[in-house]
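Colleague: Its first residue numbered 71, the sequence shown is counted upward by one per residue in this note's numbering.
Beta carbons are placed, not taken as given, at the ideal position from N, Cα and C, and that holds for glycine.
Since we're looking at a predicted model, the values are computed, not measured.
Following this message is one structure expressed as structure tokens.
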Amino acid sequence: MKKINVSELLDGENRLDFSLQPCIDGIVDEVHPVRCSLSNGVKVNLLLTKAGKSIHTRGDVCFTTELECARCLKKFEKDFSDYIDIRFLPFTEGKDEVNAELTEEGMGVAFYEGDEIDLEKIVVDTVFLSIPMKSLCKVDCKGLCPKCGKDLNEGDCDCTEGNTDSR
Ligand SMILES: [Zn+2]
Ligand SMILES: [Zn+2]
């Protein structure tokens, strides 16, 4: 868990660099058809700008995950880098109004209760959104032969030759 206490942040800009090792294996299985593992963790470099109770959080989320190619089923590693831009506001009764107002500006908004902001949740959400539903090991992956199951990236199989024979 990576939590920050709002009262410990300085007014103005606060740099926050950290690594996380979130356990997402089980959750990813529900969202994505492939298993992903974050063996190297997630690197987070954030700039938190505090103005009163509002904490504007911007920065990068970088991680490497092992994915399975949707065509050839080969496992491969891929680096991802995504950007967080979200404003944390204290949870109040007028939440809905504030929410509507800020959403119109096209700004990401989240609410915190008490003095604690759960950054791990935001990071994990960002990781999920970055990983595509279907991944390819390379753009022009030829996939497997539907008949014999051979990896066509390694060369044509006999059935393919038969199909393309124009005689
Ligand atoms: Zn592939
Ligand atoms: Zn074949």
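Hey, would you say the C-beta of residue 207 is under 7 Å away from at least one heavy atom of ligand 1?
Modeller: Yes, the beta carbon of residue 207 sits closer than 7 Å to at least one heavy atom of ligand 1.
Colleague: How would you label residue 142, buried or exposed, when you count the other beta carbons within 10 angstroms and need 16 or more for buried?
Modeller: That one is buried.
Colleague: Could you tell me the distance, in whole angstroms, from the CA atom of residue 104 to the CA atom of residue 197?
Modeller: Residue placement at residue 104 cannot be trusted, given a pLDDT of 47 that sits under 50; the coordinates are not used to answer.
Colleague: From this set, 204, 225 and 135, which residue's C-alpha is nearest residue 214's C-alpha?
Modeller: The residue with the shortest Cα to Cα distance from residue 214 is 225.
Colleague: Compare the C-beta of residue 181 against all C-beta atoms of chain C and say whether one is closer than 8 Å.
Modeller: The structure shown contains no chain C; it is built from a single protein chain.
Colleague: Helix, strand or coil: how does DSSP classify residue 190 here?
Modeller: Residue 190: helix per DSSP, three-state reduction.
Colleague: Can you tell which of 180, 211 and 186 has its C-alpha closest to the C-alpha of residue 157?
Modeller: Among 180, 211 and 186, the Cα nearest to that of residue 157 is on 180.
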